[in-house]
Amino acid sequence: TEVLLEIKNLGIQFKTGEGAIQPIRGVNFSLRKGETLGVVGESGSGKSVTSLAVMGLLPEKKSKIVSGSILFNNEDITHLNERQYRKLRGNEMSMIFQEPMTSLNPVFTIGEQLGEPLKQHKKMSKKERKAAIIKILKQVGIPRADQIINEYPHQLSGGMRQRVMISLALLCEPKLLICDEPTTALDVTIQAQILELMKQIKAEKDMSLLFITHDLGVVAEMCDRVVVMYAGEIVEVAEINELFDNPLHPYTKGLIDSLPTNNARKSKLYSIKGQVPRPDEIGKGCAFANRCPYAFNKCVESAPPTFSKGEHLSKCWLQESDRQVNIQ
Ligand code: SF4
Ligand code: MG
């Protein structure tokens, strides 16, 4: 299978008032062409920072890529300048964020906002642009598309705004679509509708999806493969059924046990105790050690490397008997 996006040993540093911290500490994974890859983890695990790095949207003065590379179609894009990145964004790759209200501009109509990327990336007449906009709005299930184009974001419901965001992201038919918690802000019914819509669009277009979420239930619904992130690292990678049937990393096991369907009969919702450590709290051992029910001496002494069982990877000492992967 061909790879569209490959992240190799990515390290990202942030400047803070108290000095530099490194929230991304050597991230490796790849997204294959046509695949939907889930990136899952609690907030603070580094999912969003990683996706912003792919999009070239990291805060310029406050952050720095300190190691590794991001290959898009076999080309390292970490050294692109803003002008080169703008050519990629919205055209070759686009992103849907959690809260559509913050990503849509309140002072422009829906039609004006959807027209902008077409002006930037496509040679189209005004009439062609309008036709393309109405077509994409209809594709994402927006009724009265010819009227909606004259309305402003605040005139639409949350679900409709997210549909507009999806149409905006799809407008130039990107090869890569990154969805960062795209349904988290929506109520359950609308969430199900939007996920269904995304699946349908995915099936129709020649596109690869990077699906970022804290919700393993959503992952189960949407993804072919899953990358589990914890404290700025990838701790497990597996094909979706394999991950649920045979999770190797204790953190993944905790996430699966926290799913509502797995504890419907328990009175209290199980969740992993404690919090993701801040980058400056991570010592020489495994970053999960303070929360891990399986931790033993070695875990505190040194950080585990990534072990592999075929395509199933896990960064945990419990897998030590298996073949070790050589990652930089
Ligand atoms: Fe738990 Fe040790 Fe595995 Fe870390 S290396 S996840 S502490 S068992
Ligand atoms: Mg996030």
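Here full-length UniProt numbering runs 1 ahead of the position in the sequence shown, where the first position is 1.
Think of the CB as a built atom: it goes at the ideal place given N, C-alpha and C, for glycine as much as any other residue.
Quick caveat: nothing in here was measured; it's all calculated off a predicted structure.
Open item on the list: Could you check whether Ser168 and Ile195 sit closer than 7 Å to each other, using their CB atoms as the reference points?
Closed with: Contact: no.
- [ ] Would you mind stating whether Leu40 and Ile8 have Cβ atoms separated by less than 7 Å?
- [x] In the sequence on display, residue 40 carries Val and not Leu. Cβ atoms of Val40 and Ile8: not closer than 7 Å.
Task: Beta-carbon gap between Asn10 and Ser49 smaller than 7 Å - done: In this structure, Ser49 does not lie closer than 7 Å to Asn10 by Cβ.
Open item on the list: Once the 5 residues before and after residue 1 are set aside, which same chain residues still bring their CB inside 6 Å of it?
Closed with: Here the chain covers residues 2 to 329 and nothing more, so residue 1 does not appear.
Task: Environment of Lys316 [buried if 16+ CB atoms lie within 10 Å] - done: buried
Task: the segment 290-298 / the segment 221-230 touching (three or more Cβ pairs under 8 Å) - done: no
Task: Meets three-Cβ-pair contact criterion under 8 Å: the segment 14-21 and the segment 79-86 - done: For the pair of segments examined, the segment 14-21 was found not to touch the segment 79-86: the number of CB pairs separated by less than 8 Å stays below three.
Open item on the list: Taking the straight line between their C-alpha atoms, what separation do you get for Val55 and Glu129?
Closed with: 31 Å
TODO: My understanding is that Ile213 touches Cys180, with C-beta atoms under 8 Å, so please give their C-beta distance in whole angstroms.
DONE: That pair is a contact at about 6 Å.
- [ ] May I ask you to report which of helix, strand or coil DSSP gives Lys127?
- [x] helix
- [ ] Find the nearest neighbour of Ser259 within the set Ile273, Pro280, His250, Glu205, judged by alpha-carbon distance.
- [x] Ile273
- [ ] Can you give me the start and stop residues for the alpha helix (DSSP H) that Ser49 sits inside?
- [x] 48-56
Open item on the list: Restricting to Cα atoms, I'd like to know which of His250, Glu83, Arg164 is closest to Lys139.
Closed with: Arg164
Task: Span of the beta strand (DSSP E), counted from its first residue to its last, around Thr214 - done: 209-214
TODO: Only counting runs of 3 or more residues, tell me where the beta strand (DSSP E) segments fall wholly within the segment 231-281, in order along the chain.
DONE: 234-240
Open item on the list: Just verifying my parser: in three-state terms, what is the DSSP assignment at Ser168?
Closed with: helix
- [ ] For His250, count neighbouring C-beta atoms within 10 Å of its own C-beta (all shown protein chains included) and say buried if the count is 16 or more, exposed if not.
- [x] buried
- [ ] Check Asp147 in the structure and name its three-state DSSP category.
- [x] helix
- [ ] Give me the Cα-Cα distance between Gln121 and Leu244, rounded to the nearest whole angstrom.
- [x] 41 Å
Open item on the list: Looking at the strands, I want to know which residues DSSP matches up with Phe15.
Closed with: Answer is Ile22, Ser64, bridged to Phe15.
- [ ] Give me the Cα-Cα distance between Ile241 and Ser126, rounded to the nearest whole angstrom.
- [x] 44 Å
Task: Span separating the alpha-carbon of Gly159 from that of Met166 - done: 11 Å
Open item on the list: Taking the alpha carbon of Gly286 as the reference point, which residue from Ser303, Arg279, Val277, Pro278 has its own alpha carbon closest?
Closed with: Ser303
Open item on the list: I'd like the ranges of any alpha helix (DSSP H) spanning at least 4 consecutive residues and lying wholly in the segment 74-104.
Closed with: 83-89, 101-104, all fully within the segment 74-104.
Open item on the list: For Leu270 and Gly218, what's the separation of their Cα atoms in angstroms?
Closed with: Bear in mind that a pLDDT of 48 at Leu270, under 50, signals an unreliable position, so the number given afterwards is only what the model happens to contain. Computed Cα separation, rounded: 15 Å.
TODO: Assign Ile71 to one of three DSSP states: helix, strand, or coil.
DONE: strand
Open item on the list: Which residue marks the beginning of the alpha helix (DSSP H) containing His122, and which one marks its end?
Closed with: 111-122
Task: Three-way DSSP call (helix, strand, coil) for Cys300 in this model - done: The three-state reading of DSSP puts Cys300 in helix, counting H, G and I together.
TODO: Starting from Thr37, trace the beta strand (DSSP E) both ways and give me its first and last residue.
DONE: Unbroken beta strand (DSSP E) run through Thr37: 37-41.
TODO: Compute the minimum distance between the beta carbon of Cys173 and the heavy atoms of the ligand SF4, and state whether it is under 6 Å.
DONE: Answer for Cys173: no, Cβ out of range of the ligand SF4.
Task: C-beta atoms of Leu178 and Leu198 nearer than 7 Å - done: In this structure, Leu198 does not lie closer than 7 Å to Leu178 by Cβ.
Open item on the list: For the ligand SAH, is there any heavy atom lying closer than 6 Å to the beta carbon of Phe289?
Closed with: This structure lacks the ligand SAH; its bound ligands are the ligand SF4 and the ligand MG.
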